[in-house]
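To convert, count from 1 in the sequence shown and add 94; that's my numbering.
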Amino acid sequence: MSSSDNKYDAIVVGTGPGGGIIARDLVKYGKKVLILERGDDEPTRGKFSQMLGRGWIPGSQLPVTYSGKPIVRGITTGGTSNIYTATAYTPDFDLLERFGVNIRREVDELRNELPIAPIEDRLMNPAASLFMQSANELGYPCKKLDKFIYQDKCLRNCDNCILGCPNEAKWNSRMLIDEAVTNGAAFINRAMVKKILISSGSAFGIEYKCKGTTTKAYGEKIIISAGGIGTPLLLRKSGFSNVGEHFCTDPAIVVYGEIPNLKGTGKAVPMMTGFHLKEEGIMLSDLHVPRVLKSLFDIHAFNFGEVSKYDNVIPVMVKVRDDLSGKIIGNGLVDKPISKADQAKLDKGREIAKQILLQAGAVKTYSSRPISPHPAASVKIGEHLDENLKTKFANLYVCDASAYPAPLGLPPTLTILGMGKRLAKHLVSSATESSIGRAEKSGSVGLV
Ligand SMILES: Cc1cc2nc3c(=O)[nH]c(=O)nc-3n(C[C@H](O)[C@H](O)[C@H](O)COP(=O)(O)OP(=O)(O)OC[C@H]3O[C@@H](n4cnc5c(N)ncnc54)[C@H](O)[C@@H]3O)c2cc1C
C-alpha cells in the first residue's frame, strides 16, 4: 500500500444512520472517504440467531447495566438500524434550534429520498388497528406512524423487522453504505477503531485493529459515528475526559393485553400506530416482535405463565423521555439507573396502556421489564460539540445519537439522518472556503 492509499478526505467510524448518511453524502460530493465498521457485513437473513449475534449478547454487543437493564445496539454494517423497528419520527425541530441546529430543510430532503410513509392498509394487523381504535375512543391522538419501509417489498404476516429484514423492505443505513461503496468509498468491516490520532489540537487520523493487525489511516476530517455508547468510549480512549456521562436511553416496557376472541394478531410490522404525550414525555405504540423474543421478554419479567401466549395478545410499547442518569464507567461498564421520575413515567404509561387494552376487551394485562433501545446524548451539542457537531479539536466531528443535546424520548433515526446531512453540507462548504483560502496563499487546492 503506498502512503497515499491510506490518506482520505474524510474517515467515518461506524455505519449506523449517522455514519451512513455522512459517508454517503460526502462521497456524493466527490470526496475520498474511508468507512470503518467493527461488526460483520454478512447478508441479513432475518434469523433470530443472527439478530442475537448482532445486537443482543449480554456483555458484548449488549451492555447490561449494573441494575440489569439491557441497552440494545446493533454491531454490524448498518449498526442498530439493522434491528430497529423503522419508525420515522419527525424531529423536535424547536429543541434543536434552541441549540443552533436547524435541520428542517434536510428532513424535507430525506422525506423525498427515503421511503417514509404510514403503513398501507393491506399491511395493517388486527391488533394494531384495535389498539388505535381503542386509544382514539379514550381520546388519545393515536394514528398511523411514518415508517422507513419499501412497502411494495413488505410482506403481510411477517415479523422479520426486528430480526433484520432479508427482503430489503425495511430501509436501513446498510443501504447508504452500499451506495457510498458503489460510488467509490473504501469500506473495511471487522475494523475496530481504537484511537483517534490528535496532534497540536487537531485530529489527523485513526488507529484501528482488523484481523489482529493494527493500522493507521489518515484523514483531513474524522467523523465519529460509533453510536451513543461507542462514540464516548472512543473519545475517552483518545483523551476526552468528560464524555459518556449524563446520557439517556429512552427506557421502554411492553404491556400485553390478552383478548380471547382476537385472531391473527401475531406477525406484523412493529410500531404501525402510536401517539406521543409530549408534556408527560411518554410515547405509546403497538409493538409486534417475533414469538421467540416475546417469550424472552416474558421470562425476563418472570411472567412464566404467559410465555406460550402470542396470537391473541395486543402488545403495547410504553417509551419514556428519561433523566440523563447514564454513565460509562472506565473503559466500558455502563450504569443507567431508572430514576424515580423515569419510573413514575413508566408507571403512568403502563396505566394508560392498560386502560386502552381494557377498552379493547382485554381480560388480562401484564408487562415486561424495561429495556433501553436508544442510548443517546452522551457527547452533547452545546456541551461537548458546537452547533456544527465539531469537538474541541480541529477536524474532529461526531455524527450519531450521542450528539443529541437533550433527551427526546422518541425514535431518533430521522433526527440523526437530518444532522448528518447538514454536517456533510457544512464540511463541503467550509472546505470550499478553506480550500480557496489555501489556494490563494499557496497556489494549490487542498482536500476537504
Ligand atoms: C430494538 C430497537 C428498535 C428501534 N427502533 C427504532 C425506530 O423504530 N425508529 C428509530 O428512529 N430508531 C429506532 N431505534 C434506534 C435507532 O436504531 C438508533 O438510535 C440508531 O441506529 C442510532 O444510530 P447511530 O448512528 O447513533 O449508531 P448505531 O446505529 O448504533 O451505529 C453505530 C455503529 O458503530 C459501530 N462501532 C461502534 N464502535 C466502533 C469502533 N470503535 N470502531 C468501528 N465501529 C464501531 C457499531 O458496530 C455500529 O455499527 C431502535 C433501536 C432498537 C435497539
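The C-beta atom is built at its ideal place from N, Cα and C for all residues, glycine as well. No experiment lies behind these values; they were computed from the predicted model shown.
Measure the CB-CB distance between residue i and residue j and report whether it falls below 8 Å.
i	j	result
Asp-416	Pro-501	yes
Gln-449	Leu-232	yes
Leu-440	Pro-345	yes
Lys-288	Lys-303	yes
Leu-117	Ile-271	The displayed chain sequence assigns Ala, not Leu, to residue 117. In contact: Ala-117 and Ile-271 (Cβ atoms closer than 8 Å).
Ile-177	Ile-129	no
Ile-165	Ile-323	yes
Ser-466	Thr-359	no
Val-383	Pro-364	yes
Lys-126	Tyr-312	no
DSSP state of residue i, grouped into three classes?
i	result
Cys-236	coil
Phe-369	strand
Val-106	strand
Leu-440	helix
Pro-137	coil
Ser-433	coil
Ile-393	helix
Thr-561	Residue 561 is absent from the model: the chain starts at 95 and stops at 542.
Thr-174	helix
Thr-309	strand
Rounded to the nearest angstrom, what separates residue i and residue j at their Cα positions?
i	j	result
Arg-198	Leu-291	34 Å
Asp-215	Asn-283	39 Å
Gly-173	Lys-421	21 Å
Arg-205	Phe-398	43 Å
Lys-305	Glu-131	13 Å
Tyr-498	Gly-295	24 Å
Gly-133	Asn-266	15 Å
Asp-186	Thr-307	43 Å
Val-207	Val-401	Strictly speaking, residue 207 in this sequence is Glu, with Val absent from that position. Whole-angstrom Cα-Cα distance: 41 Å.
Ala-456	Asp-405	13 Å
Phe-391	Val-349	11 Å
Lys-331	Gly-112	21 Å
Ser-545	Glu-191	Nothing can be reported for residue 545: it is not among the residues displayed for the chain, which extend from 95 to 542.
Arg-139	Asp-253	13 Å
Ala-221	Ala-229	12 Å
Pick from the options: whose alpha carbon is nearest that of residue i?
i	options	result
Cys-248	Pro-235, Lys-361, Phe-341	Lys-361
Pro-469	Leu-517, Ile-393, Leu-418	Leu-418
Asp-429	Pro-354, Ser-472, Ala-395	Ser-472
Gln-245	Leu-189, Leu-257, Met-218, Asn-230	Met-218
Lys-442	Phe-225, Lys-403, Ser-496, Glu-373	Glu-373
Pro-326	Ala-280, Asp-134, Ala-297, Val-492	Val-492
Phe-193	Thr-507, Ser-143, His-478	His-478
Thr-309	Met-286, Asn-355, Gly-112	Met-286
Lys-434	Leu-483, Ile-423, Val-414	Val-414
Asp-99	Tyr-183, Ala-221, Ala-280, Ser-335	Ala-280
If residue i and residue j are in contact, beta carbons under 8 Å, what's the gap, nearest whole angstrom?
i	j	result
Asn-277	Val-121	5 Å
Thr-181	Arg-268	Contact flag wrong, Cβ pair sits at about 18 Å.
Arg-444	Val-412	6 Å
Arg-516	Glu-136	Not a contact, Cβ separation roughly 32 Å.
Got a sec: does ligand 2 put a non-hydrogen atom nearer than 7 Å to the Cβ of residue i?
i	result
Pro-111	Annotation note on ligand 2: not contained in the displayed structure, which lists ligand 1 as its ligands.
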